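The opening position of the sequence shown corresponds to residue 317 in the numbering used here, with each subsequent residue numbered one higher.
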Amino acid sequence: MMNREDFRTYGHELVDWMADYLENVASYPVKSQVKPGEIAAQLPSSAPQAPESMTEILEDFNKIIMPGITHWQSPNFFAYFNANNSYPSILAEMLTATLGAQCMIWDTSPAAAELEERVLDWLKSAMGLPTEFEGVIQDTASSATLCAILSARERATNFQVNRSGMNDNRFRVYASTQTHSSIDKAVKIAGLGQENLVKVGVDEHFAMRPEALAKKIQEDKEKGFKPLCVVATLGTTGTTAVDPLAELSAICRDHGVWLHVDAAFGGTALLLPEYHWMIKGIETVDSFVFNPHKWMFTNFDCSVYYVRDAQHLIRTFEILPEYLKTSTRGQVNDYRDWGIALGRRFRALKLWFVIRSYGITGLQQRIRNHLDYAAWLESQIETHSDFEVMASRAFNLVCFRFHPQGEDHPETLNELNASLLSHLNETGRVYLTHTKLHGAYVLRMAIGQTYLEKTHVEQAWEAIQKTAKNLDQHPEEKATGDRP
Ligand code: PLP
């Protein structure tokens, strides 16, 4: 078994491995090329009885595990939304793992609780959020949204559902047709019934239509439903559409409905004053979530959740068994009462390292670079006769498709673009994903990786054009040889 000296030796070796990996990460096939079952087939069916050496374990890590890794930290990763790390964030994660502190309450690591409070205050003011907001770090936006819906449920019933169950409450939750699936999940878990999630129509920019929301709320009230919560999105998953917060918050205020803002991806842009138009109306928002683990260079997982009135959150989740009673209760934040899990990782440390190491201006610079590269790509697509932009761009996500001149059949275009995507991803040189907009198959390119430079975007655009051309000229052939 490993002793402390071995730990030191392998620790140094692994830090070198980590630095080499990040230096060369662009040379790996960005999307893992393995087939289903290929990794499992190389793993023994039962655990070893006898200890194995770290040398053997690391050999297998390189041989078996690495081929099955998709390289999210590759600057050629343009899929989904990024889940970025950065050097300071990784170093903080190493310390977090080493301390191994379980930060459920203030007493179990006062520095974790107080750092969390301070760092979230920093971010609140850097992002222009209301001073009365109080923050807590959650694992994911999915958990934060679930907290919001549960808190809304408890506020609406004076904490009666927590005591005696749902009874005959007929609640409704509203979100746009473009909302993330985590809202559906939260409504299911909260016991509200998925049928009571009302999907509201969107405008030509895929943003929620306020008048459609007002109408649905009115109709529901007339039918005897209780409108509970509206979820507005700043940066939808499909196209990064921004729901009109000012109008939505006025409607929520009129009807006494909880307004939760899902800015999981787009929230990071609030570090830029030029994006503060998005939060007009934030004064009456009840809760707000954004993910530094997406676009703010902080290792997954780290999701920041702000609430206007922490008492709703605490009263929804509070538990106080004898073994958790402390003499400091009431003077400090015991974050176990601010979310679902009792146990909590020390997540604030990596956020602190990232913010201090980049500085707010450094973060702003990186984000603005990404926005500039996305604008460049968008202009290339707009001026190309065989490609078209498919959604207005709010941030650094470009939605487009291949549309060769003279080919206008919707199904053929869908097949062509699905084929383009799979051929591109098979090359291992780039990784993009897709969405469907009004039935059209659309490629999404998220330009937000930590280590990304403009050349990576230029090379990706070259690869897209070449692969598409090859596909158009030889539709029956596989375009895998077409490496940029
Ligand atoms: N909300 C939006 C708009 C998202 O795009 C995503 C993920 O991409 C989520 C929520 C879920 O985030 P998480 O994985 O942190 O739960």
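No residue lacks a Cβ here, since even glycine has one placed at the ideal position from N, Cα and C.
As the structure is a computational prediction, the values presented were derived from the model and not from experiment.
Residue pairing by DSSP puts tyrosine 757 in a beta bridge opposite Lys752. Nearest neighbour of lysine 666 by Cα position, chosen from Gly646, Ser619, Trp654 and Cys545, turns out to be Ser619.
Closest option to glutamate 339, judged by alpha-carbon separation, among Leu640, Gln627, Thr766 and Gly554: Thr766.
In its chain, beyond the 5 residues on either side, Leu544 have a beta carbon closer than 6 angstroms to the beta carbon of alanine 472. The DSSP assignment places complete beta strand (DSSP E) segments of no fewer than 3 residues inside the stretch 538-620 at 542-549, 574-578 and 603-606, in order along the chain. Inclusion of glutamine 389 and valine 341 in the CB contact set at 9 angstroms is warranted, their separation being smaller than that value.
The secondary-structure analysis by DSSP pairs arginine 488 across a beta bridge with Pro543. Arginine 631 carries a helical assignment under DSSP once its states are collapsed to helix, strand and coil. For lysine 515, there is no enclosing alpha helix (DSSP H); the enclosing beta strand (DSSP E) has its first and last residue at 513-516. Membership of leucine 636 in any alpha helix (DSSP H) is not indicated, and neither H nor E is assigned to it by DSSP. Annotated as proximal: leucine 466 and alanine 506, with beta-carbon spacing under 9 angstroms. Within the same chain, and ignoring the five residues on either side of valine 714 in sequence, the residues whose Cβ sits closer than 6 angstroms to its Cβ are Ala690, Leu693, Glu694 and Met761.
When DSSP states are grouped into helix, strand and coil, valine 670 belongs to the helix group. When secondary structure is reduced to three states using DSSP, methionine 410 falls in the helix class. Going by C-alpha positions, alanine 566 is about 43 angstroms away from glutamate 774.
In this structure the stretch 478-487 does not touch the stretch 447-454; the number of beta carbon pairs closer than 8 angstroms is below three.
For aspartate 617, the CB falls within less than 8 angstroms of some heavy atom of ligand 1. Glu430 is the residue among Asn398, Pro364 and Glu430 whose C-alpha sits nearest the C-alpha of tyrosine 651. According to the DSSP assignment, glycine 764 belongs to no beta strand (DSSP E), since it is labelled neither H nor E. Between ligand 1 and the CB of glycine 451, the shortest heavy atom gap is not smaller than 8 angstroms. Counting only runs of 4 or more residues that sit fully inside the stretch 443-531, the alpha helix (DSSP H) segments are 457-472, 476-480 and 497-505, in chain order.
Collapsing the DSSP output to three states places phenylalanine 718 in a strand. Using a Cβ distance threshold of 9 angstroms, glycine 384 and valine 346 do not count as a contacting pair. Three or more beta-carbon pairs separated by less than 8 angstroms are not found between the stretch 651-665 and the stretch 497-506, which leaves the two stretches without contact. Taking arginine 684 as the centre and dropping the five residues before and after it, the same chain places the C-beta of Leu588 closer than 8 angstroms to its C-beta, in chain order. When the beta-carbon positions are compared, serine 405 and phenylalanine 669 come within less than 9 angstroms of each other. Excluding the 5 residues flanking it on each side, threonine 386 has same chain C-beta neighbours closer than 6 angstroms at Lys347 and Ser348, in chain order.
With respect to alanine 530, histidine 576 sits apart: the two C-beta atoms are not nearer than 9 angstroms.
Collapsing the DSSP output to three states places tyrosine 337 in a helix. When the Cα atoms are used, lysine 752 and methionine 317 turn out to be separated by approximately 52 angstroms. By the CB criterion at 9 angstroms, alanine 464 and tyrosine 621 fall inside the cutoff. No residue range can be given for glutamate 354, since it is assigned to no alpha helix (DSSP H) and is classified by DSSP as neither H nor E.
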